[in-house]
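**Student:**
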Amino acid sequence: VWLGSHKEALRLCGRLSEVEGCALRLPTADEWEMAARGTDGRRHPWGNLPQDNWEECASPWGVEELVGDVPEWTVEPSTGATLLRGGVEARTWVRHPVYPGEEEFAAALRPILPLPVAGE
37 VWLGSHKEAL RLCGRLSEVE GCALRLPTAD EWEMAARGTD GRRHPWGNLP QDNWEECASP
97 WGVEELVGDV PEWTVEPSTG ATLLRGGVEA RTWVRHPVYP GEEEFAAALR PILPLPVAGE
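Each residue of the sequence shown is one higher than the one before, starting from 37 at the first, in this note's numbering.
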């Protein structure tokens, strides 16, 4: 879903949670990066080398379209900072902080359903 603000992304996560009957939220910056780079720390979802059809390549986890379009909203839980990840540069390692006054971006929402932690 393409959105214009972090507030709108949070509002939509809340509404989707009500509709779906489960707690959806924005991914943390680390969760987004793991989905994009996998456990081997690759530079791009498909690997480390340039590729012609990079927009069509899924990450090691099978997540598609993490790069090549618009950045996606994430959050840094330790600081509460809003970060944009991914986008047209196809760089999975860049964390673009969103500063006050910059709240409006052409960015996407990729809500996640957190998995239960062992023992909960």
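Every residue, glycine too, gets a C-beta built ideally from N, C-alpha and C.
A quick note: this is a predicted structure, and the numbers were derived from the prediction, not measured.
#1: Decide if the region 37-51 is in contact with the region 138-152; the criterion is three or more beta carbon pairs, one per stretch, under 8 Å apart.
#2: Measuring only the C-alpha atoms, how far is V124 from A71?
#3: Is the distance from the Cβ of E19 to the Cβ of L120 below 8 Å?
#4: Under the DSSP definition of a beta bridge, which residues are partnered with W109?
#5: Roughly how far, in whole angstroms, is the beta-carbon of G104 from the beta-carbon of E91, given that I think they are within contact range, below 8 Å?
#6: Where G116 and G77 are concerned, what is the direct C-alpha to C-alpha distance, given to the nearest angstrom?
#7: Taking the C-alpha atoms as reference points, what is the distance between E54 and I148?
#8: Beta-carbon separation of L102 and G122 under 8 Å?
**Tutor:** The answer reads as follows:
#1: Short answer: they touch.
#2: Cα-Cα distance, rounded: 17 Å.
#3: In the structure displayed, the chain extends from 37 to 156; residue 19 sits before or after that span and is not available.
#4: In the DSSP output, where bridge partners are listed per residue, W109 has L120.
#5: Contact holds; Cβ gap of about 4 Å.
#6: Straight-line Cα distance between these residues: approximately 24 Å.
#7: C-alpha of E54 to C-alpha of I148: approximately 14 Å in a straight line.
#8: L102 is a Cβ neighbour of G122, given a cutoff of 8 Å.
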